[in-house]
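Quick mapping for you: the protein sequence lines, in order, are chains A and B.
Each residue of the first sequence is one higher than the one before, starting from 10 at the first, in our numbering.
Each residue of the second sequence is one higher than the one before, starting from 3 at the first, in our numbering.
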Amino acid sequence: MQIETALLIGALFGCATYLILQNSFVRILFGFVVLTNAANLLVLSMSGNPAGRHAPIVGSVARPLVDPLPQALILTAIVIGFGVTAYLVLLLYRIFLDQRTTNAAELYEDQDTSEHT
Amino acid sequence: MNPTILPILLPLLTALLVLFWGKPGRPRRVLVAGSGIVQLALALWLVARSCTGESFVLTLGNWSAPFGIVLVIDPLAAIMLALSTFTALASILYGYAELSFRVEHPLRLPLTQFLLAGINLAFCTGDLFNLFVAFEIMLIASYALLTLEADDWDVKQAFPYLAVNLVGSTLFLCAAGLAYTLFGTLNFADIAMRASVMADDPRVLALGLLLLVVFGIKAGIFPLYYWLPNSYPTLPIPLAALYAGMLTKVGVYVLLRVFGTVLPHSLEPAHQLLAWLAGATMIFGVLGAISRNFIRGILAYHILSQIGFMVLAIGLFTPLSFAACIFYVIHHIIVKSSLFLIGGVGLCLNRTDNLDRMGNLWRHAPWLGVVFLCQALSLAGLPPLSGFWGKYAIVVVGLEKGAYVLVAASLVASILTLFSMLKIWNSAFWNSPDEREVCLWDLRWVKLCRVAAGMTVVSLGIGLGAEGVFRVAQEAAVRALDQEGYARVVFSRIGKGGATPP
Numbered sequence: 010m011q012i013e014t015a016l017l018i019g020a021l022f023g024c025a026t027y028l029i030l031q032n033s034f035v036r037i038l039f040g041f042v043v044l045t046n047a048a049n050l051l052v053l054s055m056s057g058n059p060a061g062r063h064a065p066i067v068g069s070v071a072r073p074l075v076d077p078l079p080q081a082l083i084l085t086a087i088v089i090g091f092g093v094t095a096y097l098v099l100l101l102y103r104i105f106l107d108q109r110t111t112n113a114a115e116l117y118e119d120q121d122t123s124e125h126t
Numbered sequence: 003m004n005p006t007i008l009p010i011l012l013p014l015l016t017a018l019l020v021l022f023w024g025k026p027g028r029p030r031r032v033l034v035a036g037s038g039i040v041q042l043a044l045a046l047w048l049v050a051r052s053c054t055g056e057s058f059v060l061t062l063g064n065w066s067a068p069f070g071i072v073l074v075i076d077p078l079a080a081i082m083l084a085l086s087t088f089t090a091l092a093s094i095l096y097g098y099a100e101l102s103f104r105v106e107h108p109l110r111l112p113l114t115q116f117l118l119a120g121i122n123l124a125f126c127t128g129d130l131f132n133l134f135v136a137f138e139i140m141l142i143a144s145y146a147l148l149t150l151e152a153d154d155w156d157v158k159q160a161f162p163y164l165a166v167n168l169v170g171s172t173l174f175l176c177a178a179g180l181a182y183t184l185f186g187t188l189n190f191a192d193i194a195m196r197a198s199v200m201a202d203d204p205r206v207l208a209l210g211l212l213l214l215v216v217f218g219i220k221a222g223i224f225p226l227y228y229w230l231p232n233s234y235p236t237l238p239i240p241l242a243a244l245y246a247g248m249l250t251k252v253g254v255y256v257l258l259r260v261f262g263t264v265l266p267h268s269l270e271p272a273h274q275l276l277a278w279l280a281g282a283t284m285i286f287g288v289l290g291a292i293s294r295n296f297i298r299g300i301l302a303y304h305i306l307s308q309i310g311f312m313v314l315a316i317g318l319f320t321p322l323s324f325a326a327c328i329f330y331v332i333h334h335i336i337v338k339s340s341l342f343l344i345g346g347v348g349l350c351l352n353r354t355d356n357l358d359r360m361g362n363l364w365r366h367a368p369w370l371g372v373v374f375l376c377q378a379l380s381l382a383g384l385p386p387l388s389g390f391w392g393k394y395a396i397v398v399v400g401l402e403k404g405a406y407v408l409v410a411a412s413l414v415a416s417i418l419t420l421f422s423m424l425k426i427w428n429s430a431f432w433n434s435p436d437e438r439e440v441c442l443w444d445l446r447w448v449k450l451c452r453v454a455a456g457m458t459v460v461s462l463g464i465g466l467g468a469e470g471v472f473r474v475a476q477e478a479a480v481r482a483l484d485q486e487g488y489a490r491v492v493f494s495r496i497g498k499g500g501a502t503p504p
């Protein structure tokens with residue numbers, strides 16, 4: 010399973026990078042969603058192979074147990090990722106309302122940042 | 003009660019209290035200012051106590067070090083806490099003087115306190131994943147503040163800030179996961195102990211480089227700084243001062259912590275890369291500053307070029323260069339924040355901070371000019387102001403290590419800094435065409451000027467008492483580089499799951 014997971018993570022990161030580099034807001038948004046999921050999957054796969062590992066509990070039957078700590082980390086990361094994604098949706102919607110465009114290239118095409126008051 | 007939790011708890015409680023208080027008003031403002039003063043006093047007490055050799059450790063939930071999360075305050079963390087609370091207090095007071103509570107946005111004060119809680123947690127934490135959480139608290143509060151009072155132009159500039167930092171956070175999460183697999187722990191002290199025996203493992207170097215990218219994004223190192231220079235000028239002045247002072251310096255602090263305390267000291271390629279990127283950051287930052295024509299934009303680019311100096315000191319990687327870096331951080335946070343505040347006073351008087359439409363300030367407000375000159379020359383590094391001593395120490399270490407190109411780059415950057423400070427001076431202060439109005443009737447500027455002058459006095463004190471400050475910085479650097487001492491302090495706290503004391 011290790012190699013398949015690694016390939017899947019690589020594919021997800023590739024897709025995410027491709028989508029984020031697009032011009033359309035919707036694609037950028039989906040890119041970030043895929044990116045956070047790819048990172049979560051990477052952390053999940055860090056639990057490793059459960060074979061030969063047991064829970065450190067006295068008197069328990071020695072069954073293989075997957076390392077639970079990365080899962081705890083992911084739970085935190087999912088919550089944070091959800092919050093930030095919600096914020097990103099609102100920010101992009103606000104930009105759409107202001108500028109009447111969903112094209113990032115158009116948005117920053119002719120801005121002069123050297124002077125701003 | 004263990005005082006280690008207080009730097010995080012106080013801003014958090016203040017934020018919640020103020021959030022539910024609801025309507026902006028005078029009592030609310032007094033509460034936040036009072037809390038700010040208490041936080042500053044606490045942080046200064048922590049600096050004094052930790053410099054005498056004491057370290058503060060809190061094992062959360064009473065779980066011993068590698069199993070539970072720990073909070074650690076050593077001299078370096080205490081110094082950063084003092085700086086963050088001081089800058090936040092100045093920013094809050096400036097905000098009070100700038101806007102009446104009748105027009106204040108009700109969420110600005112609570113969000114500032116949440117931001118401060120995140121920053122302080124990042125300084126205190128002794129755990130890589132907890133550091134990730136601290137970064138997220140800080141970043142989410144900063145996203146919200148960035149767009150809170152924004153118009154359509156400002157919202158547009160917030161998008162790159164959000165996007166780049168989101169990528170950075172994701173990479174940080176990956177780095178935390180990889181560190182866990184590599185070392186089997188996320189605790190700083192435990193990683194330091196386990197990594198020292200696997201220093202030759204190329205995976206450690208790979209992890210170090212990944213962390214370099216993550217914190218480099220946060221600090222604003224050369225190819226990763228695109229999010230900063232256009233987004234900071236869109237903030238209201240007091241918040242811009244807080245952001246300019248603290249946020250990138252959190253990145254610098256974490257670079258110090260990770261490369262000094264956590265990872266093995268033999269990661270030569272990573273240190274070299276840091277030093278060269280720092281050289282590029284200095285030059286590109288200062289060139290960007292020259293291309294800008296409004297005060298906030300110029301100052302925002304100067305943050306980057308100054309970050310270059312600090313990161314160069316980390317990259318040179320000797321105890322003296324670490325001390326120089328810490329001294330530079332102390333100097334830079336205060337000078338940079340106060341320059342933003344002074345720019346804000348100019349904005350209030352001229353009704354613009356576009357250099358083409360400013361002028362006459364020296365004729366009508368000479369004291370503002372004096373305050374500006376002190377800080378601007380300090381930023382450029384003229385003796386005996388505080389910036390000189392930091393740059394001097396970095397240049398000395400650079401010459402000792404034979405990094406002549408980087409030393410030359412830093413000197414060129416200093417001269418160009420002086421040039422762009424003189425550009426502001428000539429246009430805003432010295433230039434005096436009659437049609438440029440100076441709104442002296444707007445009496446807010448006197449109070450605003452007082453806040454900026456207060457910061458300038460502290461900054462002058464650092465320059466004149468440089469020897470004492472440098473000694474504190476040296477103590478902090480030695481303790482930050484002492485991995486075994488750090489681990490001993492952290493593991494000396496025995497709680498649940500730890501070894502029983504003999």
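Glycine is no exception: its CB is placed at the ideal position from the N, C-alpha and C atoms.
Give the straight-line distance between the Cα atoms of Pro-435 of chain B and Met-360 of chain B, rounded to the nearest whole angstrom. Answer to the nearest angstrom: the Cα atoms are 9 Å apart.
Do His-333 of chain B and Ile-389 of chain B have their beta-carbon atoms positioned less than 8 Å apart in this structure? The amino acid at residue 389 of chain B is misidentified as Ile; the sequence shows Gly. Here Gly-389 of chain B is near His-333 of chain B, since their CB atoms are less than 8 Å apart.
DSSP-derived helix/strand/coil call for Val-42 of chain A: DSSP, read as helix, strand or coil, puts Val-42 of chain A in helix.
With C-beta atoms as the reference, is Leu-363 of chain B less than 8 Å away from Phe-421 of chain B? No, they are not a contact pair.
Could you tell me the boundaries of the alpha helix (DSSP H) in which Leu-212 of chain B lies? Start and end: 204 to 221.
Could you name each continuous alpha helix (DSSP H) segment of 4 residues or more that falls completely within the segment 231 to 317 of chain B, going from the start of the chain to the end? As for any alpha helix (DSSP H) of minimum length 4 sitting wholly inside the segment 231 to 317 of chain B, the runs are 239 to 244, 250 to 258 and 270 to 293, ordered along the chain.
Nearest neighbour of Leu-357 of chain B, chosen from B:Phe-329, B:Leu-60, B:Arg-294 and B:Cys-176 [CA to CA]: Considering only alpha carbons, the answer is B:Arg-294.
Contact defined as beta carbons within less than 8 Å: I believe Ser-144 of chain B pairs with Leu-249 of chain B. What is the distance between those atoms, to the nearest angstrom? Confirmed, Cβ separation roughly 6 Å.
Tell me which residue opens and which closes the beta strand (DSSP E) that Ile-417 of chain B is part of. No beta strand (DSSP E) contains Ile-417 of chain B, which is instead part of the alpha helix (DSSP H) from 406 to 426.
Contact with chain B by Leu-74 of chain A, beta-carbon distance below 8 Å: Not one chain B Cβ lies under 8 Å of Leu-74 of chain A.
Using the beta-carbon count (16 or more within 10 Å), is Thr-54 of chain B buried or exposed? Looking at its Cβ environment, which holds fewer than 16 other Cβ atoms inside 10 Å, Thr-54 of chain B is exposed.
Separation of Lys-251 of chain B from Phe-88 of chain B, as counted between CA atoms: Taking the straight line from one Cα to the other gives about 14 Å.
Quick one: which chain B residues come within Cβ less than 7 Å of Leu-208 of chain A? Residue numbering for chain A in the displayed model covers 10 to 126; residue 208 of chain A lies beyond these limits and cannot be assessed.
Is the Cβ of Thr-127 of chain B closer than 8 Å to any Cβ of chain A? It does not: the Cβ of Thr-127 of chain B has no partner Cβ on chain A nearer than 8 Å.
Just verifying my parser: in three-state terms, what is the DSSP assignment at Lys-498 of chain B? Three-state DSSP puts Lys-498 of chain B in a strand.
Neighbour flag for Gly-179 of chain B against chain A, beta carbons, 8 Å: Among the CB atoms of chain A, one or more fall inside 8 Å of the CB of Gly-179 of chain B.
Trp-229 of chain B and Tyr-163 of chain B: beta carbons closer than 8 Å? Yes, these two residues count as a Cβ contact at 8 Å.
Give a yes or no on whether 8 Å exceeds the smallest Cβ distance from Ile-104 of chain A to chain B. Taking Cβ atoms only, chain B reaches closer than 8 Å to Ile-104 of chain A, which makes this a yes.
Taking 6 Å as the limit between beta carbons, can you name the residues of its chain near Val-44 of chain B, skipping five residues before and five after? First, the residue type needs correcting, since residue 44 of chain B is Leu and not Val in the sequence shown. If we look at Leu-44 of chain B and ignore the five residues flanking it on each side, its Cβ neighbours are Leu-8.
Per-residue DSSP class, three states only, for Asn-112 of chain A: When DSSP states are grouped into helix, strand and coil, Asn-112 of chain A belongs to the strand group.
Taking Cβ-Cβ distances shorter than 7 Å, what residues in chain A pair up with Glu-138 of chain B? Within chain A, the residues near Glu-138 of chain B are Ile-89.
Can you check DSSP and say which residues form a bridge with Asp-129 of chain B? Checking the DSSP bridge columns, you'll see Asp-129 of chain B partnered with B:Asn-189.
So which residues on chain B does Asp-107 of chain A lean against when the C-beta distance must stay under 9 Å? Result: Asp-153, Asp-154, Trp-155, Val-157 and Lys-158.
DSSP-derived helix/strand/coil call for Thr-14 of chain A: Of the three classes helix, strand and coil, the one that applies to Thr-14 of chain A here is helix, per DSSP.
Burial state of Glu-106 of chain B, where buried means 16 or more other Cβ atoms lie within 10 Å: The C-beta of Glu-106 of chain B has 16 or more other C-beta atoms within 10 Å across all chains shown, which makes the residue buried.
Does DSSP classify Thr-89 of chain B as helix, strand or coil? Thr-89 of chain B falls in the helix class under three-state DSSP.
Run through DSSP, which three-state label would Ser-340 of chain B get? When secondary structure is reduced to three states using DSSP, Ser-340 of chain B falls in the helix class.
Going along chain A in order, which residues have a C-beta closer than 8 Å to the C-beta of Tyr-96 of chain B? By Cβ distance, chain A contributes nothing, its closest Cβ being about 20 Å from Tyr-96 of chain B, past 8 Å.
Taking the alpha-carbon of Arg-51 of chain B as reference, which of B:Ser-461, B:Arg-104, B:Pro-77 and B:Val-72 has the nearest alpha-carbon? Comparing Cα-Cα distances from Arg-51 of chain B to each of B:Ser-461, B:Arg-104, B:Pro-77 and B:Val-72, the minimum goes to B:Pro-77.
Measuring only between beta-carbons, confirm whether Ala-60 of chain A sits less than 8 Å from chain B. No, Ala-60 of chain A lies away from the interface with chain B (no Cβ there is under 8 Å from its Cβ).
For a minimum of 4 consecutive residues, which ranges assigned as the alpha helix (DSSP H) are wholly contained in the segment 13 to 94 of chain A? You should have 34 to 54.
Quick test of your reading: Ala-178 of chain B and Leu-188 of chain B, contact by CB under 8 Å. State the CB separation rounded to the nearest angstrom. Confirmed, about 7 Å.
Run through the DSSP bridge pairs and tell me what Asn-356 of chain B is partnered with. Per DSSP, B:Phe-296.
Close-in-space but distant-in-sequence residues of the same chain around Trp-391 of chain B (CB under 6 Å, 5 per side omitted): Shown here for Trp-391 of chain B: same chain residues with a beta carbon closer than 6 Å to its own, the five before and five after excluded, namely Ala-468 in chain order.
Minimum C-alpha distance to Leu-175 of chain B - residue among A:Glu-13, A:Met-55, A:Leu-30 and A:Ala-20: Leu-175 of chain B has its Cα closest to that of A:Met-55, out of A:Glu-13, A:Met-55, A:Leu-30 and A:Ala-20.
Let me make sure I understand the geometry here. Which of A:Phe-34, A:Gly-23, A:Ile-104 and A:Met-10 has the alpha-carbon closest to that of Leu-53 of chain A? In terms of CA proximity to Leu-53 of chain A, A:Met-10 leads the group A:Phe-34, A:Gly-23, A:Ile-104 and A:Met-10.
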